[in-house]
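Visitor: Before anything else, here's the structure in question.
Residue numbers (this note's numbering): 489 to 795.
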């Protein structure tokens with residue numbers, strides 16, 4: 489079976505069960521260290537799912553944006569240029585989505601390169617940390633995913649190394665659809681016990697950069713990083729220029745959706761929706777699966793673009 493045929497089967501499988509939704513404003517390509525599909529395949533999936541618009545929001549990189557925009561024109565899918573920036577604020581690891589950014593801006597490119605270089609320089613330290621913790625993994629396996637590996641790359645290297653079979657720390661995660669991701673969220677992201685700390689920009693710096701690049705800054709899946717009683721931190725970010733929050737996301741349960749929707753409505757800030765689609769890394773998540781995603785979200789974002 490040829491590569492294109494295999495890819496098309498994967499694309500088709502990722503559109504099954506998806507209703508005719510309007511937009512998906514949180515989508516990752518293979519440019520993310522944990523994404524699977526090329527820009528072409530992402531736009532093709534969106535077209536098959538009858539989405540009016542998608543946003544390309546790779547982790548700390550804009551490498552796929554220009555090509556995705558081009559394919560969007562071919563398939564009549566509106567592609568919003570974006571990025572999901574990793575950042576730190578008050579010792580919290582926060583992801584900021586930047587929509588409608590001018591991805592040719594030198595300062596934006598420089599920040600992405602700085603984070604990428606920090607990740608690359610941190611690889612050996614992260615592997616050493618995991619070895620000291622008692623896990624077996626090889627650098628070559630980590631680097632199979634990307635030259636710019638995210639925690640999930642280290643997680644995969646651990647779970648696929650047979651020398652870790654029987655490790656009680658891993659057993660509760662094995663066999664779950666999202667087991668490796670859950671392990672990384674519990675133990676390997678910034679602030680967790682197995683994380684070797686690396687450079688990330690301050691959230692205030694990221695918000696200001698997005699604004700300088702003409703974009704609209706949105707806090708991604710706040711419920712993944714913050715407790716509901718930590719709304720005060722979001723209020724602080726609003727003072728820096730944060731325009732809204734991602735309320736409807738695969739990261740939130742219904743209670744969290746209600747909580748953050750009310751917060752956004754009370755503060756009169758933007759509400760966005762996105763699946764956080766990656767492909768095989770999150771196999772249960774389909775592009776366009778978020779039901780509360782009307783095109784009016786895009787119109788509201790456009791109204792905040794800084795020309």
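Idealized CB from N, CA, C, for every residue including glycine.
Going by the DSSP bridge assignment, what does residue 586 pair with across the sheet?
Guide: According to DSSP, which records beta bridges pairwise, residue 586 is partnered with 571 and 705.
Visitor: Just to confirm before moving on: does the CB-CB distance between residue 709 and residue 764 stay below 8 angstroms?
Guide: Cβ distance < 8 angstroms, so residue 709 and residue 764 count as in contact.
Visitor: Is the stretch 563-575 in contact with the stretch 539-548, if contact means three or more CB pairs nearer than 8 angstroms?
Guide: In short, these stretches touch, since the Cβ pair count reaches three.
Visitor: State whether the stretch 554-563 contacts the stretch 605-623, with contact taken as three or more CB pairs (one from each stretch) at a distance under 8 angstroms.
Guide: In short, these stretches do not touch, since the Cβ pair count stays below three.
Visitor: So what does residue 640 bridge to, in DSSP terms?
Guide: DSSP, once it has assigned bridges, lists no residue as partnering residue 640.
Visitor: Which complete alpha helix (DSSP H) runs does the stretch 610-692 hold, if anything under 4 residues is left out?
Guide: Whole alpha helix (DSSP H) segments, 4+ residues: 627-630, 639-647, 656-659 and 667-675.
Visitor: Any idea if residue 511 is buried or exposed, counting beta-carbon neighbours within 10 angstroms, 16 or more meaning buried?
Guide: Classification of residue 511: buried, given that the 10 Å Cβ count is 16 or more.
Visitor: Go ahead and label residue 531 buried or exposed: buried means 16 or more other beta carbons lie within 10 angstroms of its beta carbon, across all protein chains shown.
Guide: It is buried - the Cβ of residue 531 has at least 16 other Cβ atoms within 10 Å.
Visitor: Closest to residue 774 by C-alpha separation, out of 584, 762 and 588, would be which residue?
Guide: The option with the nearest alpha carbon to residue 774 is 762.
Visitor: To the nearest angstrom, how far is it from the Cα of residue 523 to the Cα of residue 756?
Guide: Cα-Cα distance, rounded: 33 angstroms.
Visitor: Provide the residue span of the beta strand (DSSP E) that contains residue 547, from first to last.
Guide: From DSSP, residue 547 is part of no beta strand (DSSP E); its letter is neither H nor E.
Visitor: Is residue 620 buried or exposed, if buried means 16 or more other CB atoms sit within 10 Å of its CB?
Guide: Residue 620 comes out exposed.
Visitor: Is it right to say residue 740 is buried, meaning 16 or more other beta carbons lie within 10 angstroms of its own, or is it exposed?
Guide: With 16 or more Cβ atoms within 10 Å of its Cβ, residue 740 is classed as buried.
Visitor: Would you call the CB atoms of residue 706 and residue 587 closer than 8 angstroms?
Guide: Yes, they are a contact pair.
Visitor: Output the distance between the C-alpha atoms of residue 791 and residue 654, rounded to the nearest integer angstrom.
Guide: Spanning the two alpha carbons is a distance of roughly 54 angstroms.
Visitor: If you draw a straight line from the C-alpha of residue 514 to the C-alpha of residue 668, how long is it?
Guide: Their backbone Cα atoms lie some 21 angstroms apart in a straight line.
Visitor: Any heavy atom of the ligand MN inside 7 angstroms of the beta-carbon of residue 728?
Guide: Only the bare structure without any ligand can be found here, which leaves the ligand MN out of the picture.
Visitor: Provide the residue(s) that pair with residue 762 in DSSP beta bridges, ordered along the chain.
Guide: DSSP lists 737 as partners of residue 762.
Visitor: Going by the beta-carbon positions, is the gap between residue 789 and residue 758 smaller than 8 angstroms?
Guide: A contact, by the Cβ cut-off of 8 angstroms.
Visitor: Given residue 781, which residues of its chain have a CB within under 6 angstroms of its CB, disregarding the five upstream and five downstream residues?
Guide: Cβ within range, chain order: 509, 510, 511 and 761.
Visitor: Closest by CA to residue 640, which one among 650, 607 and 659?
Guide: Looking at the Cα atoms, 607 is the closest of the given residues.
Visitor: Can you list, in chain order, the residues of its chain whose CB lies under 8 angstroms from that of residue 635, leaving out five sequence neighbours each side?
Guide: Once the five neighbours on either side are set aside, the close Cβ partners of residue 635 are 608.
Visitor: My output table needs one value for residue 576: the three-state DSSP class, helix, strand or coil.
Guide: Reduced to three states, the DSSP call for residue 576 is strand.
Visitor: If you reduce the DSSP assignment to three classes, tell me which class residue 726 lands in.
Guide: DSSP places residue 726 in helix when its eight states are reduced to three.
Visitor: Per the contact definition of three or more C-beta pairs closer than 8 angstroms, is the stretch 594-608 in contact with the stretch 643-653?
Guide: No: the two stretches stay apart, fewer than three of their Cβ pairs being nearer than 8 angstroms.
Visitor: Give me the Cα-Cα distance between residue 695 and residue 729, rounded to the nearest whole angstrom.
Guide: Their Cα atoms are separated by approximately 6 angstroms.
Visitor: In whole angstroms, what separates the C-alpha of residue 527 from that of residue 566?
Guide: Looking at the two C-alpha atoms, the distance is approximately 13 angstroms.
Visitor: Alpha carbon to alpha carbon, what distance is there between residue 720 and residue 766?
Guide: Cα to Cα, residue 766 sits roughly 30 angstroms from residue 720.
Visitor: Measuring CB to CB, does residue 581 end up less than 8 angstroms from residue 678?
Guide: Yes; because the gap between Cβ atoms is below 8 angstroms, this pair is in contact.
Visitor: Buried or exposed: which applies to residue 704, given that a residue is buried once 16 or more other Cβ atoms fall within 10 Å of its Cβ?
Guide: When all chains shown are included, residue 704 counts as buried.
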